[in-house]
Each structure stands twice: as structure tokens, then as C-alpha cells.
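The sequence shown begins at -11 in this note's numbering and counts up by one.
For reference, the structure is listed below as C-alpha cells.
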Amino acid sequence: MLKVKNLTIEPLFREVSFCVPRGEIVTLMGPSGSGKSTLFAWMVGALSDDFQARGELWLDARRCDALPVESRGLGILFQDALLFDQFSVGQNLLLALPERIAGRARREAVEQALDSAGLSGHYASDPATLSGGERARVSLLRALLAEPQALLLDEPFSRLDKALRATFRAWVFDAVRARNIPAVLVTHDEDDIPPGGELIEISRWQ
């Protein structure tokens, strides 16, 4: 379970508390500029010095808010794919794998991930040649291959066209549930809310 407890970020939020069970997606909704991305920055450990924050972040029984970014176990998916265009698709994904996966198993893990996303044969592809939907899928694969204990979704559907958004959205939600990890989605679009998922309006903390 992912839990935020008694978080205050001056001057944006006061007494933010919510929890996300494994395999569930909680949606935080608010307009642009409401501080959604700032909340994620605090969660991953990258909050700007312009803000003062106090509160607790928990993953199961482990408190994470004092840990460095790389030790928190959080994955994040942004609006933009943010792929390294100087590397191939496969090389982008290899960068995400934990060090304990070694040798030939690394290539195999990436190939399997690409197959699962309908991207078989794209290991050596240049990211610049991919469509928007393909780049979005590679970005999610990279986040998941790092084996995060929780996933943060920072408006990852907003730059996709309407038809593609529906397909990619369902794929993301299925991936979260299949891996049984908690996820937090921030958005300003009601269409992005998972069916049956919990919705929290950002304004309740402001």
C-alpha cells in the first residue's frame, strides 16, 4: 500500500492524506497550476527548495519521505515520453532494468516487454521513428521494467489524440492491476478516471 500522511506543502496544500491499495489507482483531479506535479515532486524526492514540506510517505511498512530518490521505489510516467533519442528503443529499456538482472537475461527481458506491448521487432529502432502511441508504450515499459513498488502517472494521456488515449489508458490500467502495484494518477480530464476508481479533488486540500 502507498500512503501519504499529514502532508503540508507551503503554500499549496495542507493536511494531505490518502492511501492506495495494491492494484488500485487513485485519481487526483485539478486544473493546470493546482499543484499536482508539485505533489509528485515531493513524493519522488525532487521537491524544489521554493517549497517547504512536512509529512510522511509510506510504502507498505517502509517510510520513504527521508530516503533519496533512487531508494524510494517509485516509478513515474510523464506527459512526454522523454526517451533518449541517441539510444535505440532497446537501449532505452535496458537502462531501466535492475542491476541484478545480468547478461543475456537483460536483452531477453526487454524483448519480452516489447512483445507484450505489441512492439516486437523494435529493439533496434530509433525512437524518433516511432509514432506517438508507440513512444507512449515504450515510456510505460521503461517505468515498469525498473520494477517500481508504486507508479505515479503525471497526466500521461494528455498529449495523445482521443482515439489513442482510450486504448493507451486501458493498457496502462491493466498493467498496474496485473503487477498488483498501487498507482496515483493526476489529471484534469474526467475521461482519464479508471472505472470504479477513487477520485480526490485537489481543491479539498487547498
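Idealized CB from N, CA, C, for every residue including glycine.
Worksheet item: Are Leu102 and Leu132 close, meaning C-beta to C-beta below 9 angstroms?
Response: Translated into the one-based positions of the sequence shown, residue 102 becomes position 114. Translated into the one-based positions of the sequence shown, residue 132 becomes position 144. No, Cβ-Cβ distance for Leu102 and Leu132 is not below 9 angstroms.
Worksheet item: Where DSSP assigns a beta bridge to Leu85, which residues make up the other side?
Response: Numbered from its first residue, the sequence shown carries residue 85 at position 97. Leu85 pairs with nothing; no bridge assigned.
Fill in: Extent of the continuous beta strand (DSSP E) to which Ser5 belongs
Along the sequence shown, one-based indexing puts residue 5 at 17. Segment 1 to 8, the beta strand (DSSP E) holding Ser5.
Worksheet item: Comparing alpha-carbon positions, which option in Leu152, Asp73, Thr26, Ala138 lies nearest Ile169?
Response: The count along the sequence shown starts at 1 and reaches residue 169 at position 181. Considering only alpha carbons, the answer is Ala138.
Discussion item. Starting from Thr(-4), trace the alpha helix (DSSP H) in both directions and tell me its first and last residue.
Written reply: In the sequence shown, residue -4 corresponds to position 8, counting from 1. First-last for Thr(-4): -10 to -2, but that is the beta strand (DSSP E), not the alpha helix (DSSP H).
Worksheet item: My guess is that Asp180 and Phe28 are in contact by the Cβ rule of under 8 angstroms, so how many angstroms apart are they, rounded?
Response: Along the sequence shown, one-based indexing puts residue 180 at 192. Along the sequence shown, one-based indexing puts residue 28 at 40. Rounded, the Cβ-Cβ distance is 15 angstroms, inconsistent with contact.
Discussion item. By DSSP's criteria, Ala138 is part of a beta bridge. Which residues make up the other side?
Written reply: To locate residue 138, count along the sequence shown from 1; it is residue 150. Partner(s): Leu62.
Worksheet entry | Arg125 (DSSP reduced to helix, strand or coil) | Along the sequence shown, one-based indexing puts residue 125 at 137. Correct three-state label for Arg125: helix.
Worksheet item: Quick one: what does DSSP say Gln67 is sitting in, helix, strand or coil?
Response: The residue you call residue 67 lines up with position 79 of the sequence shown. Of the three classes helix, strand and coil, the one that applies to Gln67 here is coil, per DSSP.
Fill in: DSSP state of Glu12 mapped onto helix, strand, coil
In the sequence shown, counting from the first residue as 1, residue 12 sits at position 24. In the structure shown, Glu12 sits in coil (DSSP, three-state: anything other than H, G, I, E or B).
Worksheet item: Using a threshold of 8 angstroms, is the CB atom of Gly109 nearer than that to any non-hydrogen atom of the ligand ZN?
Response: In terms of ligand content, the structure shown is empty, and the ligand ZN therefore cannot be addressed.
Item to complete: Name, in chain order, the residues that DSSP records as bridge partners for Arg50.
Response: Taking the first residue of the sequence shown as position 1, residue 50 is located at position 62. Answer is Leu47.
Item to complete: Output the distance between the C-alpha atoms of Glu178 and Arg92, rounded to the nearest integer angstrom.
Response: Numbered from its first residue, the sequence shown carries residue 178 at position 190. Numbered from its first residue, the sequence shown carries residue 92 at position 104. So the two alpha carbons sit approximately 43 angstroms from each other.
Discussion item. Within the continuous beta strand (DSSP E) that includes Thr175, where are the two ends?
Written reply: As a working mapping, residue 175 is identified with position 187 in the sequence shown. Counting along the chain, the beta strand (DSSP E) containing Thr175 begins and ends at 171 to 175.
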